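Each remark here refers to the structure printed beneath this line.
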Amino acid sequence: MHVKGRHIFLIGPGGVGKSTVGPYLAQNLCLPFHDLDDYFCANISNIRSFIAQYGYGGYVRQNSYCFFDMMNSAKHEAVFALSSGFLIEEKENQFVKKTSRLYVPWVQRFY
1 MHVKGRHIFL IGPGGVGKST VGPYLAQNLC LPFHDLDDYF CANISNIRSF IAQYGYGGYV
61 RQNSYCFFDM MNSAKHEAVF ALSSGFLIEE KENQFVKKTS RLYVPWVQRF Y
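Residue 1 is where the sequence shown starts when you use the numbering used here, and the numbers rise one by one after that.
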C-alpha cells in the first residue's frame with residue numbers, strides 16, 4: 001500500500017466526539033476529513049444492522065477492509081475518525097503507527 005503522507009487519526013470509543021471534532025480540526029489544518037463509520041455505512045451497511053447479521057467479528061473484518069480501501073483512495077494526508085474498537089487487529093495498529101503524524105486517542109467525552 002502506498003502511503004500518501006502522514007495522517008492524523010482520531011481514535012476512541014463511540015460518542016467521545018471524533019466525528020464532531022474531526023471536521024473542525026481538518027478545516028483548521030486545510031486537510032480533508034474522512035470518517036470510517038460514514039464510509040462503512042455508505043459502502044456496506046448500517047453498522048448496527050451489519051453486526052446483528054454477521055456478528056462483531058464479521059464487522060471487525062469488514063471494517064478493516066473498508067479502512068484499507070479508504071486509505072488507498074486518500075489522495076493526500078488527511079484527518080481520519082476511526083471506529084471504536086478499530087485497533088483490535090495488529091495490522092491496523094502497525095499501519096496507523098507507520099502512517100500517522102499524530103494519533104489522538106480519546107477515552108472520555110470532552111463536552
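Idealized CB from N, CA, C, for every residue including glycine. Just so you know, these numbers come straight off a predicted model, no measurement behind them.
**Report entry** Classification of Asn-72 by the beta-carbon crowding that lies within 10 angstroms, buried from 16 upward
**Finding:** Answer is exposed; the Cβ neighbour count stays below 16.
Query raised in the report: Are Ser-19 and Asp-35 closer than 8 Å when you measure CB to CB?
Result: It is a contact, given that the beta carbons lie within the stated cut-off.
Query raised in the report: Going straight from the alpha carbon of Arg-6 to that of Glu-90, what length do you get?
Result: For Arg-6 and Glu-90, the gap between their C-alpha atoms comes out near 19 Å.
Report task. Look up Arg-101 in the DSSP assignment and say whether it is helix, strand or coil. Result -> Correct three-state label for Arg-101: strand.
Query - alpha helix (DSSP H) runs wholly inside the segment 41-73, at least 4 long, in chain order - result: Fully enclosed alpha helix (DSSP H) runs of no fewer than 4 residues occupy 47-73 of the segment 41-73, in order along the chain.
Query raised in the report: Between Leu-10 and Ala-81, which are expected to be in contact by the criterion C-beta below 8 Å, what is the C-beta distance as a whole number of angstroms?
Result: Right, the Cβ-Cβ distance comes to about 5 Å (below 8 Å), so this counts as a contact.
Query raised in the report: Near Asn-63, which residues of its chain fall below 8 Å by C-beta distance, leaving aside the five closest residues on each side in sequence?
Result: Within the same chain, Asn-63 has close Cβ partners Leu-36, Phe-40, Ser-83, Phe-86.
Requested in this report: Starting from Val-79, trace the beta strand (DSSP E) both ways and give me its first and last residue.
Outcome: Val-79: member of the beta strand (DSSP E) spanning 79-81, first to last residue.
Query raised in the report: Rounded to a whole number of angstroms, what is the C-alpha to C-alpha distance between Ala-42 and Phe-67?
Result: Each residue's CA atom was taken as its position, placing Ala-42 and Phe-67 some 13 Å apart.
Query - Where the beta strand (DSSP E) containing Leu-10 begins and where it ends - result: Judged by DSSP secondary structure, Leu-10 falls within the beta strand (DSSP E) whose first and last residues are 7-11.
Query - Val-16 versus Gln-94: straight-line alpha-carbon distance, rounded - result: Roughly 23 Å between the two C-alpha positions.
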